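Below is one structure, written out as structure tokens; the observations come after it.
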Amino acid sequence: MIFIDLYRISVQNISEIQVIQGYRYMKPFKFINIWLTAVLAGGIMLFGSGCGDAAQDTGAVPFSLDYARIFNAHTSSVIGSDGIAADRCDIFTSDTPVIYFSWQPRSLDVCCAATMVVWFFEGNEIQSISLIDSSTCVHTDSLEKPEGGFLKGHYQVALYIGISEYFRLDFTVA
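Position one of the sequence shown corresponds to residue 1 (UniProt numbering), numbered consecutively onward.
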């Protein structure tokens, strides 16, 4: 009860002029608070909106080309003068001297990025190479025929950009 009475007395003793003067002093702080809140809200929306790449669970999803970032990704036995696969195919013979994998990035963030190509036979990794080549946007890797020729079966070549697997291409040696 004493606290409530003291509050009433202190509120009643403030004149209208003192309230107006106090408002004048608080007006710049109110502007700063509003401005700061707007800046913080904008920052949260910009940086906290998940603009980065989200991790995706691709365990049950078959691999496919990410055409938003990569195009002209092919396996072949011959490379043309432009560095792109000249005879795009996915079935090779066991005496094919070299199987090439070439691709072109669609965007500059992929063009000069660190990439890794991994070759698989029947699900087991048989060769990998890391590439960083900013001189060209046409990339090529190859799998050379081992002694005795390629084993017949199912092969895959996977392209990693950074640490993310972007796609796999299937091909067969018959």
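For each residue, glycine too, the CB sits at the ideal point set by N, CA and C. Just so you know, these numbers come straight off a predicted model, no measurement behind them.
Item, Value
"Note down the Cα distance separating PHE120 from LEU151, rounded to an integer number of angstroms.", "12 angstroms"
"Note down, in chain order, each residue of its chain lying with its Cβ closer than 8 angstroms to the Cβ of LEU131, except the 5 sequence neighbours on either side.", "ALA114, THR115, MET116, VAL117, HIS139, ASP141"
"Of the residues VAL157, ILE161, TYR100, which one's Cα is nearest the Cα of ILE126?", "VAL157"
"Using 9 angstroms as the threshold, is the C-beta distance between PHE92 and SER81 below it?", "no"
"Short of 6 angstroms in beta carbon distance, which residues of its chain neighbour ASP170, apart from the five on each side in sequence? Order them along the chain.", "GLN156"
"What are the start and end residues of the beta strand (DSSP E) that includes ARG88?", "Taken as a continuous stretch (DSSP letters only), ARG88 belongs to no beta strand (DSSP E), as it is neither H nor E."
"What residues match up with SER142 in a beta bridge as DSSP calls it?", "TYR100"
"List the endpoints of the continuous beta strand (DSSP E) containing ASP170.", "164-173"
"Among THR96, TYR100, SER128, which one has its Cα closest to the Cα of ARG88?", "TYR100"
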